[in-house]
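Reminder that position 146 of the sequence shown reads as 147 in the working numbering, one-by-one numbering, no gaps.
Glycine included, every Cβ here is placed at the ideal spot set by N, Cα and C.
In what follows, a structure is listed as structure tokens, so that the remarks can point back to it.
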Amino acid sequence: MLYRAQDQAGTSRLGYAESNDGIQFVRRPEPVLSPQADYEKDGGVEDPRLVKIGGTYYLTYTGYNKKDAQLCLAVSKDLVHWQRKGVILPAYQGKWNVGWTKSGAIIPQKINGKYWMYWLGTSADKTDQMGLDYSSDLLHWTEATDTPILPRRSGMFDSRVVEPGPAPILTPRGIVLIYNGADDKLVYRTGIAVFDRHDPRKLISRTDQPVFAPQKEWEITGQIPNVVFVEGAVVRRGRHFFYYGAADKHVGLVEAVITR
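Here it is in structure tokens:
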């Protein structure tokens with residue numbers, strides 16, 4: 002597991018933990034990714050999303066320097082030693098994004114000869130919505146749509162924020178994307194969107210009600226209250242484990258069944 006942790010000054014780093022059963026973890030004493038580049042200084046490295054393609058791990062993360070937050074990429078062979086590839090989606094650029102870029106969820110294999118990535122941007126109305134880009138090399142990305150691929154919905158659980166979760170899950174019936182939605186009070190809940198297996202731009206279905214919401218005391222009370230925020234997914238012996246941030250203070254685990 003890669004996880005985000007903060008020091009007392011509020012600077013974020015990424016830690017590494019191991020488990021034999023996916024439930025009990027042992028942490029390394031030192032972080033595996035700490036802020037070094039100018040686009041990470043003082044704020045840190047956050048929002049890790051991990052996918053393995055071939056023999057390489059690709060990590061999208063937010064580089065935050067207390068001024069701007071931008072979507073970055075690093076690669077590794079062992080999850081411990083990382084090579085930065087820089088900012089892959091600059092802030093304040095794009096067909097509809099006018100703000101920061103974050104949270105890149107890469108589909109783990111090519112579709113129509115391209116890699117595809119869902120990501121978070123900010124629209125002109127200052128709400129955070131989801132975009133879609135494609136790439137031939139995982140380094141250089143082109144927007145696939147002129148407007149958000151998964152927009153916010155007024156009056157619903159995702160009226161203010163629509164943010165990608167872990168790497169999408171490919172099934173014969175579609176691309177399953179777990180996403181994090183926040184309402185106007187910034188209560189974070191989990192939704193599911195399904196896109197066409199052969200066209201990541203085509204939305205098939207989207208949950209009208211959240212499938213997961215803050216209920217436990219440690220999900221309701223913390224650094225940022227009323228948050229469950231899914232970022233990691235593992236399939237182990239037919240079981241689907243989803244790892245999530247709870248109130249920006251804890252890492253939790255929830256198990257769910259995905260019908261393929």
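Coarse secondary structure for residue i, derived from DSSP in three states
| i | result |
| --- | --- |
| E41 | coil |
| E220 | helix |
| K203 | strand |
| R154 | coil |
| R28 | strand |
| K67 | coil |
| P165 | strand |
| P49 | strand |
| G87 | strand |
| D263 | Here the chain covers residues 2 to 261 and nothing more, so residue 263 does not appear. |
Local Cβ density within 10 Å of residue i, reported as buried at 16 or more and exposed below that
| i | result |
| --- | --- |
| Y159 | Sequence check: residue 159 is Asp here, not Tyr. Result: buried. |
| W219 | exposed |
| Y244 | buried |
| Q71 | buried |
| G239 | exposed |
| K103 | buried |
| A125 | exposed |
| T63 | buried |
| P30 | exposed |
| P49 | buried |
| V162 | buried |
| L140 | exposed |
| G233 | buried |
Contact under 7 Å by Cβ, residue i with residue j
| i | j | result |
| --- | --- | --- |
| E47 | R5 | yes |
| A38 | I107 | no |
| L3 | L51 | yes |
| V81 | V33 | yes |
| Y40 | V88 | yes |
CA-to-CA distance, residue j to residue i, given in whole angstroms
| i | j | result |
| --- | --- | --- |
| N66 | G166 | 23 Å |
| V188 | T12 | 24 Å |
| R207 | G95 | 25 Å |
| S35 | C73 | 13 Å |
| K127 | G156 | 16 Å |
| H199 | T222 | 41 Å |
| P226 | K250 | 9 Å |
| G45 | W120 | 19 Å |
| R14 | D79 | 18 Å |
| I205 | Q9 | 44 Å |
| G246 | D138 | 30 Å |
| G16 | T148 | 35 Å |
| M131 | I179 | 12 Å |
| W83 | S77 | 5 Å |
| Q25 | T146 | 41 Å |
Cβ neighbours of residue i in the same chain (closer than 7 Å, five flanking residues each side left out)
| i | result |
| --- | --- |
| V212 | T191, G192, I193 |
| P201 | I108, I112, W117, L133, I176 |
| G23 | V235, R237, F242 |
| T123 | N98, V99, G100, W101, D129 |
| V255 | F213, F243, Y245 |
| K115 | Y135, S136, S137 |
Beta carbon proximity, residue i to chain C, threshold 7 Å
| i | result |
| --- | --- |
| D48 | Any reference to chain C falls outside this structure, which holds one protein chain only. |
Sequence-distant residues of the same chain with beta carbon closer than 6 Å to residue i, five excluded per side
| i | result |
| --- | --- |
| D185 | S160, R161 |
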